Structures are given as structure tokens and as C-alpha cells.
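Just so you know, the protein sequences line up as chains L and H, in that order.
Taken in order, the first sequence gives residues 1 to 389; the numbers are from UniProt numbering.
Taken in order, the second sequence gives residues 1 to 389; the numbers are from UniProt numbering.
Number of protein chains: 2
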Amino acid sequence: MAEIDEMCRLDRARASVLAELHEVLEGETLRAQRHGPHVQDLWRRTAQHIGGGKLMRPMLLLEVLDAFRAEGSAGPAGSDASRGSDAARWSDAAHGSDPGSGAGDAVALRCAAALEILHYAFLLHDDVIDHDLVRRGDDNLVGALHRHGRAGGDDGASLHWARSAGILMGDLLLSRAHQLLARVDVPAPMRAELLDLLDHAVTESAAGEFLDVGLADGMIPPARREIDTMTRSKTAVYSVELPLGMACVLAGAGAEVRAALEDAGRCIGIAFQLQDDALSAFGAEHHHGKDPWSDFREGKQTRIMDAARSTASWPAVAELLGRSDLTDAQGLRLRGLLVDCGARDRVAEEIEALLDEARRILHDGPARIPAAVVEVIEQQMRRLEGRTR
Amino acid sequence: MAEIDEMCRLDRARASVLAELHEVLEGETLRAQRHGPHVQDLWRRTAQHIGGGKLMRPMLLLEVLDAFRAEGSAGPAGSDASRGSDAARWSDAAHGSDPGSGAGDAVALRCAAALEILHYAFLLHDDVIDHDLVRRGDDNLVGALHRHGRAGGDDGASLHWARSAGILMGDLLLSRAHQLLARVDVPAPMRAELLDLLDHAVTESAAGEFLDVGLADGMIPPARREIDTMTRSKTAVYSVELPLGMACVLAGAGAEVRAALEDAGRCIGIAFQLQDDALSAFGAEHHHGKDPWSDFREGKQTRIMDAARSTASWPAVAELLGRSDLTDAQGLRLRGLLVDCGARDRVAEEIEALLDEARRILHDGPARIPAAVVEVIEQQMRRLEGRTR
């Protein structure tokens, strides 16, 4: 029964995030009326695609924030007394007598929606950059626009139009994420901290993606330093560190607790990225729903490739990596090489080491992190260890 | 002497904007240290390209704001008394005894830099979308990266890398523009108004660009309504209406004055866009510094084409428009057709009508706009009428 209650609670939270996203997108669709049916259609299609994933980032924020609140205390609120008391006051007001309907929940939901909107903006630009038309086994937004456009006959023009729309909608959503956070109804110092976190995450993600493309295109030599920076920056920061940091800010957590959660979040985020690389390289197509060889074909210089580089198999790997016309047989051979040379195991060990480090920070660090918060993050780690897509 | 003084004053203002831009870009380059030399190099190259134009938007903001302040009064501050008094208080504090060094000037410069950063983010994404590698007769950022990258031998990979970098740097700058405005040191209601203006401008520009691409790619039928919306939204709003609106907010101008300036700005902005189209179609290459036939080759459905559509020349125009392999002879023939059928004159008349309407609003409208403000805007209109690039 407790498990079913818990599932219902999570489903309700997910439904609230989707409703919040829907409200934002609905507002934009309405506003686009002055731009005519074509722009409105773009917003409607976007609304169909956004929020179609697991809502990992908004849910991490909401669950950790709930855990902080359930504990009733978020620890001492840092060294800046005025910020601390502001935060605590806001946090108290948000709770009120009914924790389910306070102003704090509206703020948290808004932040959660901003996280998913930011995520989707990045996905859109990644899809344009990587020439992907498919995600989770279905047309992504660019693919759906292209399918619609090419019905008119001109395949090249349709693809150009669909990709351009992907760039522009990504811009609109990136702006929207900023606008939402810049206006959340919290004390100014707290809002500034949220904006700092967003700033850091955007800067990291774009830098990581730039390195990813430069490495894959052979414009940046595949040095370990660049590969590590890319792995650490591309998605780890905005996917884990950012939601955890936002939860700490909204809960008014103390500086030590926040630093510990961000450190743990960094480890989990990097593990998440490494596992993503591993799933792309070794996972079954029907699981991740993408071209099974896309990372190989694009010559992605993941940590797996870096681990293979120092082995005797490297010449054979290098021979196949980056071939845009890679056949299934060649893909399977490349996969086999990466398993046999130990690269897969090496990266699996690194993932375990990162998750161990995260557990150490959560349990044995100097910060006194509330037990409920630790439990939520460990749940997330267990989900991560078991994921197949 | 007065003219030389005036030129010196404008040069000083331009230098201040460039210094502010430099400071922002320098900060980002420093921050990118943790991402290694390749990301730092991207920031350094960006710093070399940004602010290379006429700084039209920042200068319009600063000149109009100065004019408001020179008049010493910005009229009644709207109906919202609390906002008005806040704004006035801030505005007074900004003046102090030395108008050249008050806090208000720091805020105005920051807003001016945000305008140029926003403009450059749009330019970057436009260049990626339009496949442009050249601007003002020189490599643009994407072109410069491509020239650097292809020295390694792989032209396709280099171009992909350069365009991806254009998308990602555009994202970073778009975020930066939001971050700068979200943190300007003004009363919260004033900051909210600045964010509203930014929001409106970004939404308009992206919608306009989406229509531009859809029309050129033949994905959107070239109806007058869509062409007008595109012409009104693509650059007009963020180039003229936004700087004027920001100047009004920062000056604490009354609601009537602000509405009038935004209305006039809309007319001027559309005239600016139409003139841009005319310069691309009829201007000399050494003036605008782009491929002289790029608009023709991309099949841009400008207002000029729309004016030609109802004439007997249309079949001959349609035959040539959108040919990616357009020869010089065909380009000249297309240009001749557009002149002979009266489309060029029609659009020139529309530009005049729009500027007349702007003058009417400035002089004969119900709003009492300070004379110095009117003078600055009229100067801008004269520059616009005389521009050749």
C-alpha cells in the first residue's frame, strides 16, 4: 500500500509538471496568434513533443525539495544572514498550513517547468547539430516538421526549413527558461541564486557540446583533458547539479549542505553521461530508440573511445570510427572490439566509482544532509544504475 | 565646432559601449578557462566579431535616453503611481550632480551591451540558417572558424563544426542578454518592464525569421499576410522598438510618450527592414558586402517580390527566383525586371509612407514628446534614408 501511495504521489507530481508545461506552451500558442497559423502550428507541435520523456530533471527538483520540507529543516542557511533569513521566511510562508497549495509550490513548479523547457531547448539544438530526426523511436520535432514539409515534394527545402525551425524554437524556449526564472516570486537574493545556477548550467552545457562536436569532427585533438571536460559539462551539470542546486536554494538549505549536494550531483551527473555513452554504444536499439550506430557514425570521442585508445585494438577501432556509411556488420565488429579490449568494463568501473563517491559524500561528508534527501537521491542513483534507455 | 563636439560625444558613447561589450566578453573568456583553450579561443574570436557594426541599437538607446535626461523631464510617469515614483527616484539618483558617472549610466550601458549581444546572437543564428559565411565583406564568425578548420583538410567536417559553434555561441549570447537584463540594478517593476520588452522582441524576431525561412523554402504559401508579418517581426521590433522602449523605461517616461515612441519605432523599424530588402536586391555588392544575389538565390519572399507578384512580369521573376545557381547575368535580369515592373518604386513609396507616419506620430500625436527626443529619432531617420548598407 505504501508503495502504491508513493507511486500515486509521484504520478500526481508528474501530472502537475505536465500541467505547468502545458500552461506555458498554451500561453505562447495564444500569443502567437498575431503571427498567424504557421507560427501557432509550430508551437502546437512543440507542445506535443516537450515533456515526452521521464521528466527526470523537474522530478529530481520536486522530490528533493519535498524531502527537505518533510524534514522540516534545511540546516543553517549559510553565512549570509540576510539571505538566510529571507529564504527561511519565504520557505515558511510557502508551507503555511497546507503544504500542497502554498506559494512555494507554485514557485517550485515554475522552476521545474523551466528545467524541462531548458532541457528541451538543448535537445532541439543537439538534434539539429547531430542531424537527428528521431528520438525514443519516434520522429522528434525536426523529424515531424520534415515529414510534414517533404510531403510537398522538395526534400532539401523541407529539411532546411525543419532544422531552421529547430534552431528558432530552441531559441524561444531557451529565452523562456530565462524569463520564467527571472520572474519567480521569491526574494531577490534567492532569485539571483537561481539565475546564477542557470547561468552556470547553460555555460557548461554549451561548452561541453562545443567540445563534443569539435572532437567528433576532428577539429579538436582527442586529448583526455578535453574528453573529460566534455563528459563533465555537456549534460551532467544541467541534468543533476542544477536541479539539486535549485532544490537547495528553494529550501533555503545551508551552504555546507548545498555544496555537498552539488558535489554529489556532479558525480552522479558524470556517471549519467558515461552511462548514456555506454547505452548508445552497447544498448539495444529498441531500448534507446535511436540509430544504434549514430555515435559510431558521427565519430563521437566518448570516454569509451578514450579507454580503447591505449589498447592494442585501437587501430582497428579507429579504422571504423566516424564512417558515415558504417554497416551493421561493421557496427557489431566495432562494438565487439570495444568489449574485448576492456573499454566497456573500464567505463563501467568508472561509473561505479563515481556513484560510490556520491554515496560517500552523501553519508560520510561533513555536511549533515537530511536523511529523506539522501534517500531521494539514492533512489535516483538506483534508477540510474538500472536504466536501459 | 558644435558639430565636432557632437561627433566627439557620439564617439565617446560608442567607445563606452565597446568597452562594456569587451568587459562582458573578457569575463566569459576568463570563465571559459575551466573548459580549456578551444572554448577560450571561441570566446576570443567572438569578441573580435561582435560590435563590429554601427552599434545602431545601443546608440539609439543611449541617445534617446540622453535626450530625455537633457530635457530634465520624461513627462508624467504613467498611471501606476508606485512604478512612476520608483522610476523617477531611480532616474533622479542616476543623474546626481554628474550626469556622466551616475549609477544610471552604468545601467544604461549594461542595457546597451545587452542589445548588441542580443543582435549578434540573432545574426549568428541567421548566418547558420542562411548558410552565410561572409558579412560586411569579411568572414563572419562561422566563416572565420571554417577557414581555420578546413586548413586541416576536411571541408565538410569543418563547416559542420563552424556552424555548430555558431548555434552554440548564439545560445550563450542569447542567455547572456537575458542574464544581463535580469540583473540590472533598477527597481523590480522597472526590471520587469525591461524583461517584458526583451521577451516581446525575442518572440517577434524568432517568429519573423521562422516565416522568412518557411516562405523562402516554399513551406509557407507567399500570402501578403505572412509577408507583412515577417517584415514587421523579423528585425524591426528588436532593432528600433526595443531600444526606444528601453530608453522610455529607463527614463521613466509616461505611458503616452512611451506608446507614441513605440508606435513610431514600429514604423521606422519596418521601413528599415524594407530598405534592407531593397539594398540586398538593388544595392552594390561593395556596399553591403554580401553575395549580391543571396536573397534571390535563397528565394526570399520579400515585400519587393510581393509587389512584383501582381504584375505582368511575375512569371519571368518566378522563373529566376530561388535558383541556387543564379548567374550574374540572370541576377541582373531579375533586378531589371523588379525595377521595370514598378516593384522597386512601390517599396520605396512604402518606406516613405512609413517614415511620414513616424514623423506624424512624433509631431502631431497626442503625446508631448520632448523636442530633444524627437530630434534624435529624426536624425536616426535621416541616417536611415541615406544609408547604402
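C-beta: ideal position from N, C-alpha, C; glycine also.
Here the structure is a predicted model, which means the values were calculated and not measured.
For residue j and residue i, the rounded distance between their alpha carbons
| i | j | result |
| --- | --- | --- |
| G342/L | A308/L | 7 Å |
| Q379/L | H148/H | 47 Å |
| E262/L | D277/L | 22 Å |
| E204/H | D5/L | 45 Å |
| H363/L | V374/L | 8 Å |
| R368/L | V257/L | 7 Å |
| L215/L | V39/H | 12 Å |
| L355/L | A47/H | 40 Å |
| E357/L | I351/L | 10 Å |
| D11/H | V186/H | 27 Å |
| G265/H | D199/L | 32 Å |
| D139/L | V128/L | 13 Å |
| S101/H | A108/H | Bear in mind that the predicted position of S101/H carries a pLDDT of just 40, short of 50, making it unreliable; the figure below should be weighed with that in mind. Each residue's alpha carbon lies about 11 Å from the other. |
| L30/H | R31/L | 39 Å |
| A253/H | R176/L | 27 Å |
| G170/L | K54/L | 20 Å |
| E116/L | E241/L | 14 Å |
| L60/L | D132/H | 41 Å |
| D306/H | M230/H | 12 Å |
| P221/H | A329/H | 28 Å |
| A247/H | L384/L | 50 Å |
Given residue i as reference, the closest of the options once Cα atoms are compared
| i | options | result |
| --- | --- | --- |
| G245/H | Q48/H, A19/H, W43/H, P58/H | P58/H |
| L279/H | C8/H, R136/H, Q379/H | R136/H |
| R335/H | A114/H, I304/H, P221/H | I304/H |
| G51/L | H35/L, Q179/L, E23/L, Q301/L | E23/L |
| G218/H | S158/L, F296/L, D127/L | S158/L |
| P189/L | M190/H, A182/H, E193/H, G331/H | A182/H |
| V202/L | G166/L, P243/L, F272/L, G252/L | P243/L |
| L321/H | L62/H, A281/H, E349/H, R359/H | A281/H |
| S324/L | S313/L, F296/L, R387/L | F296/L |
Residue i at chain H interface by Cβ criterion, 9 Å
| i | result |
| --- | --- |
| A207/L | yes |
| W161/L | yes |
| V39/L | yes |
| Q273/L | no |
| E357/L | no |
| M219/L | yes |
| L42/L | yes |
| D139/L | no |
| E193/L | no |
| G170/L | yes |
| A348/L | no |
| L198/L | yes |
| H49/L | no |
| L123/L | no |
| E116/L | no |
| L279/L | no |
| L174/L | yes |
| S310/L | no |
Residues that residue i contacts on chain L, provided the C-beta gap is smaller than 8 Å
| i | result |
| --- | --- |
| G36/H | L211, R225, E226, T229 |
| H22/H | Here the premise fails: no neighbours, minimum Cβ distance about 19 Å. |
Residue i - partner residues in DSSP beta bridges
| i | result |
| --- | --- |
| D139/L | V134/L |
Short CB-CB distance (under 9 Å) between residue i and chain L
| i | result |
| --- | --- |
| G331/H | no |
| L133/H | no |
| A188/H | yes |
| R303/H | no |
| Q179/H | yes |
| G72/H | no |
| P158/H | As written in the sequence, residue 158/H is Ser, which differs from the Pro given in the question. Yes, S158/H counts as interfacial toward chain L. |
| R183/H | yes |
| residue 393/H | Residue 393/H is absent from the model: chain H starts at 1 and stops at 389. |
| E319/H | no |
Chain-ordered chain L contacts of residue i [CB-CB under 9 Å]
| i | result |
| --- | --- |
| R31/H | T203 |
Chain H contact residues for residue i, given Cβ-Cβ distances below 8 Å
| i | result |
| --- | --- |
| V128/L | I167 |
| G152/L | G218, M219 |
| G52/L | Ordered by position in chain H, no residue passes the 8 Å Cβ test against G52/L, which lies about 22 Å from the chain. |
Amino acids of chain L, ordered along the chain, whose beta-carbon sits closer than 7 Å to that of residue i
| i | result |
| --- | --- |
| S164/H | I129, V213 |
| S294/H | In chain order: nothing, as chain L lies at least about 14 Å away. |
Interface partners of residue i on chain H, CB under 9 Å
| i | result |
| --- | --- |
| R110/L | Those within 9 Å of R110/L in chain H number zero; the least Cβ separation is about 15 Å. |
| S239/L | Per Cβ cutoff of 9 Å: no residues; S239/L is ~17 Å from chain H at best. |
Chain H residues whose Cβ lies nearer than 7 Å to that of residue i
| i | result |
| --- | --- |
| G149/L | M219 |
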